[in-house]
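**Q** Take a look at this one; I'll ask things after.
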Amino acid sequence: MSQIAAKSLETLQNRSLAVDSFIIAGWTGRDRAAVEKHIVELEAIGVPRPSTTPIFYRVAATRVTTASVIEATGGASSGEVEFCLYSHGGELWVGVGSDHTDREVEKINITVSKQMCDKPVASDFWKLRDVLPHWDRLVLRSFIAEGGERRLYQDGTVAAMIHPEELLGLLGRPFPDKTLMMCGTLAAKGGIRPSSRFDFELHDPVLNRTISHGYDICSLPDVK
420 MSQIAAKSLE TLQNRSLAVD SFIIAGWTGR DRAAVEKHIV ELEAIGVPRP
470 STTPIFYRVA ATRVTTASVI EATGGASSGE VEFCLYSHGG ELWVGVGSDH
520 TDREVEKINI TVSKQMCDKP VASDFWKLRD VLPHWDRLVL RSFIAEGGER
570 RLYQDGTVAA MIHPEELLGL LGRPFPDKTL MMCGTLAAKG GIRPSSRFDF
620 ELHDPVLNRT ISHGYDICSL PDVK
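Residues 420 to 643 in the working numbering are what the sequence shown spells out, letter by letter.
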């Protein structure tokens with residue numbers, strides 16, 4: 420079980436979030452033609468086709484972290500911003516995290532690649548029901564360190580991904596308390612690439628608030 424310290428979570432303020440079950444939803448784009456095109460592009464560079472879309476990967480709950488530094492083997496891993504759904508006390512919450520992934524292992528086995536790296540999440544969550552009326556206006560962004568500058572890496576609304584209520588229906592099983600799910604990502608500007616730093620955020624332009632987090636990546640030697 421992974422313990423996530425909560426800075427501010429309304430009724431959960433000053434408590435900790437316990438994650439007993441962790442799921443990563445992949446291939447969650449609403450535009451299914453675009454999803455298929457991306458699958459074909461990845462097949463061309465050796466990434467195997469998923470058995471179904473969307474697909475739900477079970478990942479060790481201990482991979483979830485709010486740390487500001489993670490360690491990853493070699494220099495071929497990278498982050499990707501995703502909105503997260505979390506169940507606690509009979510309530511659904513929404514937050515933001517990074518599905519940090521080893522891109523070399525991903526070419527061999529996507530399920531295994533999901534287990535290779537820690538998955539940083541911000542420690543703030545909003546009640547899902549508070550944002551559902553304007554859900555499609557929420558914005559996801561990420562930034563990387565490149566050329567000595569902080570560069571925009573991903574930017575777009577959650578409207579690009581399957582709506583959370585529909586996604587939970589497609590999951591096809593209960594979503595009990597202490598379950599966390601990452602729910603899909605946006606295309607990277609300039610292509611997927613590694614960085615020594617990854618910052619990400621979920622912005623609500625209607626209620627004028629933002630959840631953000633960032634972390635450094637410490638590359639461990641890849642000894643042959």
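Glycine residues also receive a C-beta, built at the ideal position from the N, C-alpha and C atoms.
Please list the terminal residues of the continuous alpha helix (DSSP H) segment that includes Leu589.
**A** It spans 583–590 - the alpha helix (DSSP H) in which Leu589 sits, taken as one unbroken run.
**Q** Report yes if the CB atom of Cys503 is closer than 7 Å to the CB atom of Val558, and no otherwise.
**A** For Cys503 and Val558, no; Cβs fall outside 7 Å.
**Q** State the Cα-Cα distance for the pair Val500 and Gly588, rounded to the nearest angstrom.
**A** Approximately 22 Å, taken between the alpha carbons.
**Q** Determine the closest residue to Met601 out of Ala444, Val438, Asp439, with distance taken between C-alpha atoms.
**A** The shortest C-alpha separation from Met601 is found at Ala444.
**Q** In chain order, which continuous runs of the beta strand (DSSP E) of length 3 or greater are located wholly inside the segment 499–541?
**A** With a minimum length of 3 residues, the continuous beta strand (DSSP E) runs that stay inside the segment 499–541 are 500–507, 510–517.
**Q** With a cut-off of 8 Å, do at least 3 Cβ pairs link the segment 551–568 to the segment 522–530?
**A** With the cut-off at 8 Å, the segment 551–568 and the segment 522–530 do not touch.
**Q** Report all residues from its chain with a CB closer than 7 Å to the CB of Glu462; omit the five preceding and five following residues, and keep chain order.
**A** The residues are Arg468.
**Q** Grab the span of the alpha helix (DSSP H) containing Asp549 for me, first residue to last.
**A** Counting along the chain, the alpha helix (DSSP H) containing Asp549 begins and ends at 547–550.
**Q** According to DSSP, simplified to helix, strand and coil, what is Leu559?
**A** Residue state, collapsed to three classes: strand.
**Q** Name the two residues that bound the continuous beta strand (DSSP E) containing Phe475.
**A** Run containing Phe475: 474–478, per the beta strand (DSSP E) assignment.
**Q** Pick out whichever of Asp518, Leu511, Ser542, Tyr572 has its Cα sitting closest to the Cα of Val550.
**A** Comparing Cα positions, the closest option is Leu511.
**Q** Is it buried or exposed for Ala491, if we count other Cβ within 10 angstroms and need 16 for buried?
**A** Flag for Ala491 reads buried.
**Q** So for Thr481, helix, strand or coil by DSSP?
**A** Of the three classes helix, strand and coil, the one that applies to Thr481 here is helix, per DSSP.
**Q** Using C-beta distances below 7 Å, list every residue in its chain close to Ser638, excluding the 5 sequence neighbours before and after it, in chain order.
**A** Ala491, Gly493, Gly494, listed in sequence order.
**Q** Does DSSP classify Lys426 as helix, strand or coil?
**A** Here the model assigns Lys426 a pLDDT of 49, short of 50, so the residue's position is not dependable and the matter cannot be decided.
**Q** Run the CB neighbour count on Ser517, radius 10 Å, all protein chains shown included, and call it buried at 16 or more, exposed below.
**A** Classification for Ser517: buried.
**Q** Have a look at Thr520, Lys538, Ala437 and flag the residue whose alpha-carbon is nearest the alpha-carbon of Arg482.
**A** Out of Thr520, Lys538, Ala437, Lys538 has the C-alpha closest to the C-alpha of Arg482.
**Q** Looking at the unbroken beta strand (DSSP E) that takes in Ser470, where does it start and where does it end?
**A** Element bounds for Ser470: n/a, residue is neither H nor E.
**Q** For Thr471, count neighbouring C-beta atoms within 10 Å of its own C-beta (all shown protein chains included) and say buried if the count is 16 or more, exposed if not.
**A** Label assigned to Thr471: exposed.
**Q** Grab me the residues of Asp594's own chain with a C-beta within less than 7 Å of its C-beta, minus the 5 sequence neighbours each way, in chain order.
**A** Just to set this straight, residue 594 is Phe in the shown sequence, not Asp. Once the five neighbours on either side are set aside, the close Cβ partners of Phe594 are Ser506, Leu587.
**Q** For Val577, count neighbouring Cβ atoms within 10 angstroms of its own Cβ and tell me buried if that reaches 16, exposed if not.
**A** The residue is buried, with at least 16 neighbouring Cβ atoms inside 10 Å.
**Q** Confirm, please, whether the CB-CB distance from Arg560 to Val625 is below 7 Å.
**A** No. Outside cutoff.
**Q** Just the Cα atoms here: how many angstroms apart are Gly465 and Glu568?
**A** Between Gly465 and Glu568, the C-alpha separation is close to 31 Å.
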